[in-house]
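In this note's numbering, the protein residues as written are 1 to 236.
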């Protein structure tokens, strides 16, 4: 699809400490019957995706949105500079070869958010795990290793970590995935996303693959498609 890139607001303040985390919580106009956990990309914070979450919320009137912020840690790719990051990225090579140091800690963070929603009465099959870029990668990795079947996973401009050998959990085999990417993305290369897509299909994950005429960004057409896809999975 052709689309003009939507400007994601710049990050504001980071307020997690150490390996702890914070999460913004957007409540719908009606009592929530479902939840979306939305993960930002490298160097961003939850605030950077507030406008995207509000956009999605318009079409999901009974869905709570949770936007956690990654911990600040050194990122090798950026010369060791400390920034919000779900895990370390060492280089610009194939993402399948990255060790992703710290990803297990971040997976535990997301699982804690999921458990909190379960404790509040929202079932796993009414939850969507979504993310952009590094957050999209973490969404795939976490969601497809859960002991629960989610309503769905959305990966925007991301990739599947450890795609050469990744094996989903038995429960996650029935979790559907929407995988979106820009055809002109030079930051997270299209070939990296396609490698993960191939692996997901090899292990029998149901994946919808959608391409957009954009770089490493999000656009209105994409977010409209994501809203529609989520609404269908949540039976809104």
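Just so it is clear, CB atoms sit at the ideal spot from N, CA and C, and this is done for glycine as well.
The beta-bridge partner set that DSSP reports for residue 156 consists of 132, 180.
In the DSSP annotation of this structure, the continuous segment of the alpha helix (DSSP H) that includes residue 227 starts and ends at 220-234. Using a C-beta cut-off of 8 Å, the segment 209-219 makes contact with the segment 178-191, since at least three inter-stretch Cβ pairs fall below that distance.
The Cβ atoms of residue 149 and residue 124 lie closer than 8 Å to each other.
Using a C-beta cut-off of 8 Å, the segment 67-81 makes contact with the segment 38-50, since at least three inter-stretch Cβ pairs fall below that distance. Counting along the chain, no alpha helix (DSSP H) covers residue 149, and no H or E run does either. By DSSP's assignment, residue 208 forms a beta bridge with 178.
By the criterion of a C-beta distance shorter than 6 Å, residue 135 is surrounded in its chain by 39, 40, 41, once the five residues flanking it on both sides are discounted. In the DSSP annotation of this structure, the continuous segment of the beta strand (DSSP E) that includes residue 22 starts and ends at 22-26. Contact between residue 131 and residue 230 fails: their C-beta atoms lie close to 13 Å from each other, not under 8 Å.
Sequence-distant partners of residue 81 (beyond 5 residues in either direction) whose C-beta falls short of 8 Å from its own C-beta, in its chain, are 74, 75. In the three-state scheme derived from DSSP, where H, G and I count as helix and E and B as strand, residue 213 is classed as strand. Per DSSP, the unbroken alpha helix (DSSP H) holding residue 191 starts and ends at 190-202.
When the five nearest sequence neighbours on each side are left out, the beta carbons in the same chain lying within less than 8 Å of the beta carbon of residue 204 are those of 173, in order along the chain.
About 7 Å separates the beta carbons of residue 35 and residue 126, which is inside the 8 Å limit, making them a contact pair.
Residue 34: member of the beta strand (DSSP E) spanning 34-39, first to last residue.
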